[in-house]
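Working notes for the structure below.
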Amino acid sequence: MSELLRALAVLSEPPSPECGRIVEVLGLERGPTRAEWTELLQLELPPYASIYLGNEGQVGGEARDRVAGFWRALGLVPPAEPDHLAALLGLYAEAGEVGAPEAARRALLWEHLLAWLPVYLAKAREIAPRSFQRWAELLEEALLVEAERLPSGGLVPLHLREAGSVPDPREDGADAFLDALLAPVRSGLLLTRADLRHAARDLHLGLRVGERSFVLRSLLAQDAEATLRWLAAEAEGWAERHRRHGDALSPVGDLWAERAERAAELLDELAMTTGKEVARV
Amino acid sequence: MNVHELSERVSAAKRETLARGETFYPGPSRVHLAAFPPKERWDDWIDVGPRGEERRVLLVPTTCFNCEAACGLLAYVDRETLQVRKLEGNPEHPGSRGRNCAKGPATLNQVTDPDRILYPLKRAGRRGEGRWEQVSWDEALDDIAARIRRAIVEGRPNEVMYHVGRPGEDGYAERVLAAWGVDGHNSHTNVCSSGGRAGYAFWMGLDRPSPDHANAKVILLVSSHLESGHYFNPHAQRILEGKQRGAKLVVLDTRLSNTATHADHWLAPYPGSEPAILLAVANELIRSGRYDREFVRRWWNWQEYLEREHPEVEPTFEAFERILGELYASYTFEHAERESGVAAETLREVAELVASAGTRLATHVWRSAAAGNLGGWQVSRCLFLLNALLGAIATEGGTYPNAWTKFVPRPMYVPPHPESWNELTWPREYPLAMFELSYLLPYFLREGRGRLEVYFTRVYNPVWTNPDGFAWIEALTDESLVGLHVALTPTWSETAFFADYILPMGVGSERHDLHSYEQYDGRWLGFRQPVLRAARERLGQEIQDTREVNPGEVWEENELWIELSWRIDPDGSLGIRRFFESQERPGEKLTVDEYYRYIFERSVPGLPERAAGEGLDPLAYMRRYGAFEIDRGIGPVFSQRVPEEELVDVHVDERGRVYTRTPRPDSPNIVPQPSPEADADGRRPVGVLVAGEILRGFPTPSGRLEFYSPTLADWGWPELAIPTAPRSHVHPDELEEGQTVLISTFRLPVQIHTRSANAKWLDEIAHTNPLWIHPSHAERIGVRTGDLVRVETEIGYFVVKAWVTEGIRPGVVACSHHMGRWKLGEAGQRQMMATVALDREGSRWAMRRSRGVEPFASSDPDTTRIWWTDVGVHQNLTFPVQPDPVSGQHCWHQKVRVRPAEPGDAYGDIAVDTEKAWAAYRRWLALARPADRFSPTGERRPYWLLRPLKPAREAYRLPERALA
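These protein sequence lines are chains L and X, in that order.
To convert, note that position 182 of the first sequence is 182 in the numbering used here; the numbers rise steadily by one, no gaps.
If you want the numbering used here, it's the 1-based position in the second sequence plus 1000.
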């Protein structure tokens, strides 16, 4: 499986002439254009573990340091971006080929790949252009094969367990609430820019251009109740998605689903009782 | 097809592709941890431009010429236009490993600079008048060669001088001068690293540290090596690796440098107090017994110290330990706090950290405090004391002497040492100076110590760089002192304005050079080459002369020196030409191809075999890859056993120095080494007896680490013979009421002296040098950020803008190097040189800015987009010379008064009285202890010390009248 993972990893990097050969071997209809790559992997879904596993929901920070620490634990000097999808897949492929201890490969698979990629790829399959659709499917399939080969043993990675949840804005303020909603590991939700555009369209609200927290704040300011209901529905939908792999990704998938369910409950409650309050804060 | 089948299909495709010698995955991919085009595709790579356009390029390696690190570059040469499209890192370079700082890729700007000097120029009016005419290379070289020949033939060899800024090939220029028989080498080093070097040289003979940052447990820097300095990029990447592996970083810097921001401990000491801090740490190691006793016992010259300084005690190690404790007992943390202003508790924490490092302590100082203070050379001596106490020398994670990790391959010809001694560069006042007293040249000329018939400034800008630049202008405009001034330079400089000829030199992608620098525990060779020449040759063309491919008539130096030497000695009668003749074609000129072919085939171990493995000859290999790692893991050379075959008729003196009759074994590596004296019977020193074994030791007179330097003691400085903390000239007790200290030497990460002003990308990022001043200080004198302030030095003043920041210790001000470039008229570098007016009235000089930088139309549309006008202030003009009496280093820190500008003051104003500069010169000169009075041997200088272009032994002897 190593070579397939490497080939798929390469497609998460900027398209180059060599990609054509890989696209052909993989039997993909066509390779992504630079514009498609930029849209998906630069703007909507940057492929860094730290975004999806960090409490801040941003590139870098403690989540990246944790991945870098894993590289070091294997006796390797971490690259500049140790948590990039391609680097992690390259590392996993290498670990398999050089006969790294099974415990190390299992930890890499469950702590640093399967802890976030099923969520990430689910979203990618939803919003990606055609050239990336099949890529996401293949990568998910390959990872599920690996999950079967190296089962988790029922353990959930510590950083997933210890991630914070979404705080109540009535107690902790709107900033903390919004930050947590946009941090997938805390909310169980993965909200892209495209999602927020769709929300504005569906709710007939004005879309102000800016970073995601700015956009979300402006939606809440315009119609807090409707926005909260939309968010709650998103969270419920994510809870279902997290459970779709059933036992294959259990208990990691269950934990993600619980996060999303808790977020959905809070959002529902806020929508019913304090929508206007949230809008004010 | 399921994913298993698909994976097998990918594997099969990969195998087939690799079998064809091609690359399956793109080079710049994270999947195989590489970020570079695969080397087998360097002949035909498809590069994607900024707008997504694809172009076929050749990738040709060279090395950067901007700072001394000589990092590897890869030029992307367009196969259609044969122009360089961009420069990136060369992954095959062992030192820089594919990484560069901003200055490397900006080489492209230097190639295409619209103000570039493309043809030889000869002055058309008076020297310095600013009028030029284009001349042919033939005309220029004939004139220069005739003058040099005349000086040599008429017995005036010391009137030929070559003054270098950015060094080129290791030893090349020295060998050219040796072939001419002139002691004419002059360097910039005494305004640079002499202080740092001296401290190391007196310890271990070798004058550069080579820390193994990547494997250190604690990294202690008295420098800013994450952003600048020797060797910034190769060291910075290894410092970060060390940090990634858990190393702690301690930085001593009065200013909050970028490096300090990455430190675990940033200490901002009062300038000049660094030795007090380092000795407090040493004292703690000694007091608490946390030093490597066995290492100290085996490798320090403690026995010599006791015998000479404490003859009353029995010379046992235990006695030495007791005295060592007493020597440093007064260097307490509280004392260091009083001197430095850094809390004793913080210093104690740092000492604990250092003590925990064991043999993994990597330390480094190069310029910084060592170049700023009177006695600054003791900074490196005190810093290395910590390594010497912990045994962290040539260990994994420790600090190496440089010569063990450097390789200078033996070339075809090594001319004999010159027989003359040039007192213009090596005056007898400074017998222990590490390098030439270059910045005192104008004073020596005016004092009548000599004159110059031909003076080359070679990629050097003393008018701008050196202190008291007006003294340089006075000397360079006096044709009775300087007969002919030839500026070899790739770009306009303030010094070139005062030349008779300006000869255009190539930048990093346009010249040949060989380098090897100590950047980790290994030895490598880097090959700088004219990339368009190499590209055309790869495409099957033959190039005879690099001018065929360089822009305009820009030349490279190796060919230039060969050509000039032939013109000096066209018939070979002077014995010069023979060193520049082909061996393959006797009687004809040596070509650069033959020169390098000889070296690569005969003098670089392992290279021919590696090249053959790729089906290449060694020269082709180096032209293709640009670098070769000779070996790594050199380890502690000092503790290697001397082979039996070197030990014949051995004599061991009473302190264990071992001498032998055998000649020094031939080595392909001719890296300069100190030359400790032979014994009374002419045997050469070969090692040192340690615990019954003859080990290689250090290249010092004792063969050991010289905690006690008999050289310093014997040549007039007994009070400084051990690591100590001398009082700096800017010590608070030396300041008058209202004076403060100016730090003037710090660099900005994207500029390099005056060489990078022709790089537009760099200029846009950094182009000015405000005065850093602490808020408390600013409030006291009533200035805010952007206000004009007048900074008064001993000889004049400059007017600059204030930048109020907490990034500087209160009571100290700082102003960056690089900035304040100027031109007198139209000729010059328009994107970074302000236009100024110079006025002189007797000894009083004034400079006033008439026009800042502004946009202009040129071949580069970016010059119309120049948005900056302010290019800083040339502060160095207002500094007097301040030679350290031991190392010869100019002590850069200045005692100044800072106050709001006066009515009528304008930004960039400079005023200087050169008579005051003369008074300062005489006062500092009086601190020296000249060889005439202090030489214990009747010689000008200790013969064992390193010296560039070391003359023959006979030339060392002082004239009888001087001794009398």
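We put the CB at the ideal spot given by N, CA and C, even for glycine.
Everything numeric in this text was worked out from a predicted model, so none of it was measured.
Closest by C-alpha distance to residue i, when choosing among the options
i                         : options                                       : result
isoleucine 1562 (chain X) : X:Val1531, X:Leu1141 and X:Arg1610            : X:Leu1141
threonine 1261 (chain X)  : X:Ser1223, X:Tyr1291 and X:Gly1246            : X:Ser1223
alanine 1759 (chain X)    : X:Tyr1305, X:Thr1107 and X:Pro1026            : X:Thr1107
alanine 1216 (chain X)    : X:Pro1551, X:Ala1362 and X:Tyr1270            : X:Ala1362
glycine 237 (chain L)     : L:Lys123, L:Leu40 and L:Leu28                 : L:Lys123
methionine 1847 (chain X) : X:Lys1823, X:Glu1614 and X:Gly1089            : X:Lys1823
leucine 189 (chain L)     : L:Gly173, L:Val166 and L:Gly20                : L:Val166
glutamate 146 (chain L)   : X:Val1003, X:Tyr1119 and X:Ala1198            : X:Val1003
leucine 1532 (chain X)    : X:Gly1526, X:Glu1510, X:Gln1544 and X:Arg1523 : X:Glu1510
arginine 1150 (chain X)   : X:Val1182, X:Asp1862 and X:Pro1668            : X:Val1182
serine 1850 (chain X)     : X:Phe1202, X:Ala1906 and X:Leu1525            : X:Ala1906
proline 1037 (chain X)    : X:Leu1059, X:Gly1391, X:Thr1017 and X:Arg1055 : X:Leu1059
leucine 1221 (chain X)    : X:Pro1311, X:Leu1118 and X:Trp1366            : X:Trp1366
alanine 1496 (chain X)    : X:Gly1508, X:Pro1462 and X:Leu1481            : X:Pro1462
asparagine 1749 (chain X) : X:Met1204, X:Ala1201 and X:Leu1226            : The sequence given here has proline at residue 1749 (chain X), not asparagine. Measuring from the Cα of proline 1749 (chain X), the nearest candidate turns out to be X:Leu1226.
Burial state of residue i, where buried means 16 or more other Cβ atoms lie within 10 Å
i                         : result
arginine 1020 (chain X)   : exposed
leucine 1385 (chain X)    : buried
aspartate 1138 (chain X)  : exposed
glutamine 1889 (chain X)  : buried
valine 1592 (chain X)     : buried
proline 1570 (chain X)    : exposed
serine 1702 (chain X)     : buried
alanine 1343 (chain X)    : exposed
arginine 1922 (chain X)   : exposed
aspartate 1649 (chain X)  : exposed
leucine 1539 (chain X)    : exposed
leucine 1033 (chain X)    : Note that leucine 1033 (chain X) scores 47 on pLDDT, short of 50, meaning its location in the model is unreliable; the coordinates nonetheless yield the value given after this. Exposed: under 16 other Cβ atoms inside 10 Å.
leucine 42 (chain L)      : At residue 42 (chain L) the sequence reads glutamine, which differs from the leucine that was named. Result: exposed.
tryptophan 1377 (chain X) : buried
proline 17 (chain L)      : exposed
arginine 6 (chain L)      : buried
alanine 1146 (chain X)    : exposed
Beta-bridge pairing of residue i - partner residues as DSSP gives them
i                            : result
proline 1685 (chain X)       : X:Tyr1659
phenylalanine 1295 (chain X) : DSSP, once it has assigned bridges, lists no residue as partnering phenylalanine 1295 (chain X).
alanine 1737 (chain X)       : Position check: residue 1737 (chain X) holds glutamate in this sequence, whereas alanine was assumed. Paired residue(s): none; glutamate 1737 (chain X) is not in a bridge.
proline 1401 (chain X)       : X:Pro1209
proline 1504 (chain X)       : X:Thr1489
Contact test: residue i Cβ vs the ligand SAH heavy atom, cutoff 7 Å
i                      : result
glycine 1130 (chain X) : Summarising the ligand content, the structure contains no ligands, and the ligand SAH is consequently not present.
Expected contact under 8 Å - CB spacing of residue i and residue j to nearest Å
i                         : j                            : result
arginine 1755 (chain X)   : histidine 1817 (chain X)     : Incorrect: roughly 12 Å between the Cβ atoms, too far for contact.
glycine 1072 (chain X)    : glutamate 1092 (chain X)     : 7 Å
tyrosine 92 (chain L)     : leucine 109 (chain L)        : 7 Å
isoleucine 1630 (chain X) : phenylalanine 1856 (chain X) : At roughly 48 Å, the Cβ-Cβ gap does not stay under 8 Å, so isoleucine 1630 (chain X) and phenylalanine 1856 (chain X) are not in contact.
alanine 100 (chain L)     : leucine 74 (chain L)         : 7 Å
8 Å Cβ cutoff, residue i in contact with chain B
i                       : result
tyrosine 1439 (chain X) : In the structure shown, chain B does not exist; the protein chains are L and X.
- Taking a Cβ distance cut-off of 8 Å, strictly less, list which residues of the segment 1046-1077 of chain X are near chain L, in chain order. Ile1046, Val1048, Gly1052 and Glu1054
- Query: Name the residues in the segment 237-263 of chain L whose C-beta lies less than 7 Å from a C-beta of chain X; which are they?
  - Reply: Of all residues in the segment 237-263 of chain L, none has a Cβ within less than 7 Å of some Cβ in chain X.
- Task: For the segment 18-50 of chain L, enumerate the residues whose C-beta is nearer than 8 Å to any C-beta of chain X, in chain order.
- Result: Glu18, Cys19, Arg21, Ile22, Val25, Leu26, Gly27 and Arg34
- Give, in chain order, every residue of the segment 134-165 of chain L whose Cβ lies closer than 8 Å to some Cβ of chain X. Leu138, Glu141, Ala142 and Val145
- Query: Taking a cut of 9 Å between CB atoms, which residues from the segment 1216-1247 of chain X lie near chain L?
  - Reply: For the segment 1216-1247 of chain X, which is checked against every Cβ of chain L, the residues closer than 9 Å are Glu1241, Gln1244, Arg1245 and Gly1246.
- Query: When Cβ atoms are compared, which residues of the segment 1001-1019 of chain X fall closer than 9 Å to chain L?
  - Reply: Met1001, Asn1002, Val1003, His1004, Leu1006, Ser1007, Glu1008, Arg1009, Val1010, Ser1011, Ala1012, Ala1013, Lys1014 and Thr1017
- Using a Cβ cut-off of 8 Å, which residues of the segment 48-77 of chain L contact any Cβ in chain X, in chain order? Ala68, Arg72 and Val77
- Query: Which of the residues in the segment 89-101 of chain L, read from start to end, lie with their CB under 9 Å from any CB of chain X?
  - Reply: Leu89, Gly90, Leu91, Ala93 and Glu94
- Using a beta-carbon distance cut-off of less than 9 Å, what residues from the segment 208-230 of chain L approach chain X? none
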